[in-house]
Amino acid sequence: MLTKFGFKRMRTVDYLPIIEEQARELFGEDADLSDLTPLGKFIHLQAQQRAEDNEELEHVYNSRFVDTSEGASLESNVIRVITRKHWIKATGEVVVNLDKGAKINIDDLFRTRYNVYFKALEAVDAVEDGNYRVPVEALEYGAIGNVEPHDISIIVNPQSGINSVTNPDAFFNGQDEETDEKLQDRYYESLGKLGSRRIESIEANVLDEVEGLRAAIAIENDTNEVDAEGRPPHSVETVVLGGLDEDVAMAIFRKKGGGIRAYGSTVYTYTDNRGIVHEIGFTRATTVPIYVKIFIKKGKQYPLNGDDLAIAQVIKYVGGTYNGTLYPGVGMSTDVVCTKAEARVLSIDGVDDVRVEFSIDELTYEARNVVIAFPEVAETDTSKIEVLPLE
13 MLTKFGFKRM RTVDYLPIIE EQARELFGED ADLSDLTPLG KFIHLQAQQR
63 AEDNEELEHV YNSRFVDTSE GASLESNVIR VITRKHWIKA TGEVVVNLDK
113 GAKINIDDLF RTRYNVYFKA LEAVDAVEDG NYRVPVEALE YGAIGNVEPH
163 DISIIVNPQS GINSVTNPDA FFNGQDEETD EKLQDRYYES LGKLGSRRIE
213 SIEANVLDEV EGLRAAIAIE NDTNEVDAEG RPPHSVETVV LGGLDEDVAM
263 AIFRKKGGGI RAYGSTVYTY TDNRGIVHEI GFTRATTVPI YVKIFIKKGK
313 QYPLNGDDLA IAQVIKYVGG TYNGTLYPGV GMSTDVVCTK AEARVLSIDG
363 VDDVRVEFSI DELTYEARNV VIAFPEVAET DTSKIEVLPL E
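The opening position of the sequence shown corresponds to residue 13 in the numbering used here, with each subsequent residue numbered one higher.
Shown next, in the form of structure tokens:
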């Protein structure tokens, strides 16, 4: 039912008295409308069907708005500003040490020690002993292919003359399909893309256009002096997590404005169509691995998969990948708080008490907060979390 406050869904209990009143007007006040009579059963079925139809009407009404739509309807609502980010395979280069005469064929496989596989995109013939760069692509779609430097170290099908493989650089551009919640958040963040404020426009443009990007923040020094963090006068430093250097730099360049320096520890050089060289700087956020021990006192209602639920709750809070889904977690330069992680675990049925301990070196665990400095991002995963009994 549509009211001045929006759509109010009618339930079965709302329709029953209305249909019963109509039945009494038609069959008389003494008509037996109890659930035991055919007429009463029919009325109940009609009320249930109307309630289901009304629920569908509510979905139709909600599909008009960004906050309440989902799936294809949400994509239609935001399409004038952004589009949903879809699955993308991570790509990069590995360095393979070959003896003279050895070959790397297209689709030859390499993997990490935790079984993320990559295939060669080009063939290489070794004309002499040495290292050769080979472009590779992850077999699986998504952020699972975003590996750290030197994670790729295993040759799946060893052949004579192929001695070793490694990836000297991290891979950033693997991307999971964007969830409805993330698409809604990015839609509102991207509204700044069309605005005149420089830093909001840069942030929105980088978040919208760069594939594989997880987070971005732009910081401006609009003074005539070097600021406390070392940023030059009249400059913008954009801190990012994920994305390829070229994609990040060009997204910044298109929005930074003339006379403003794009500052950062990573510098990408771009030559425009007039032959003018532009140096575009930005800074990559550093990932801080968070190791976790969860001590749980289990009650009678503790579920069989309670340990998995506890691990999932901690990953969703801290940030990281769980069951193929990447969770942003606390975000950039935000401390990881023990009590907040414990609160997440306590929300699970059957958890009578909990203590969470953190470590950043996998050696010393303490029930204290982890300070995440600038520009750092906390991250964990199932391999870094252990569930233990609380004595």
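The C-beta atom is built at its ideal place from N, Cα and C for all residues, glycine as well.
Here the structure is a predicted model, which means the values were calculated and not measured.
On the CB-based measure, 16 or more other CB atoms within 10 Å of its CB, does S81 come out buried or exposed? So S81 counts as buried.
Kindly indicate which three-state DSSP category D361 falls into: helix, strand or coil? coil
Would you give the residue range spanned by the alpha helix (DSSP H) that S88 belongs to? Per DSSP, S88 is one residue of the alpha helix (DSSP H) stretching across 83-90.
Can you check which of these residues, F370, A355, N233, is closest to P301 by C-alpha distance? For the residues F370, A355, N233, the minimum Cα distance to P301 belongs to F370.
Using beta-carbon positions only, say whether V168 and R96 come within less than 7 angstroms of one another. No, the pair does not count as a contact, with Cβ atoms beyond the cut-off.
Would you call V243 buried or exposed, if buried means 16 or more other Cβ atoms sit within 10 Å of its Cβ? Position check: residue 243 holds Arg in this sequence, whereas Val was assumed. The residue is buried, with at least 16 neighbouring Cβ atoms inside 10 Å.
Straight-line CA distance for D257 to Y280? 7 angstroms
Would you identify the three-state DSSP class for M262, choosing helix, strand or coil? helix
Any idea if I156 is buried or exposed, counting beta-carbon neighbours within 10 angstroms, 16 or more meaning buried? buried
According to the Cβ coordinates, are E37 and L45 closer than 7 angstroms? no
Which complete alpha helix (DSSP H) runs does the region 189-257 hold, if anything under 4 residues is left out? 192-202, 210-221
When the Cα of V349 is compared with those of D65, E237, I327, which residue comes out closest? I327
Quick one: residues in its chain with C-beta nearer than 8 angstroms to the C-beta of P401, no 5 flanking neighbours on either side, listed in chain order? F307, I308, K309, K310, listed in sequence order.
Using the beta-carbon count (16 or more within 10 Å), is M344 buried or exposed? buried
Pick helix, strand or coil for H404, following the three-state DSSP scheme. No information on residue 404 is available, as it lies outside the stretch 13 to 403 that the chain covers here.
Name the residue from Q60, K53, A35 whose alpha carbon lies nearest to the alpha carbon of M22. Q60
What separation, rounded to the nearest whole angstrom, lies between the Cα atoms of Q187 and L338? 9 angstroms
What's the C-alpha gap between P170 and N158? Cα to Cα, P170 sits roughly 24 angstroms from N158.
In this structure, what does DSSP give as the bridge partners for P301? Its beta-bridge partners are E391.
Helix, strand or coil for P50 per DSSP? Residue state for P50 is assigned as helix, using DSSP reduced to three classes.
Would R266 and T278 be called neighbours here (beta carbons separated by less than 7 angstroms)? Their beta carbons are not under 7 angstroms apart, which means R266 does not touch T278 by this criterion.
Using 7 angstroms as the threshold, is the C-beta distance between V357 and A390 below it? no
So what does DSSP say about A322, is it helix, strand or coil? Shown here, A322 sits in a helix according to DSSP, grouped into three states.
How many angstroms separate the CA atom of A227 from the CA atom of T298? 12 angstroms
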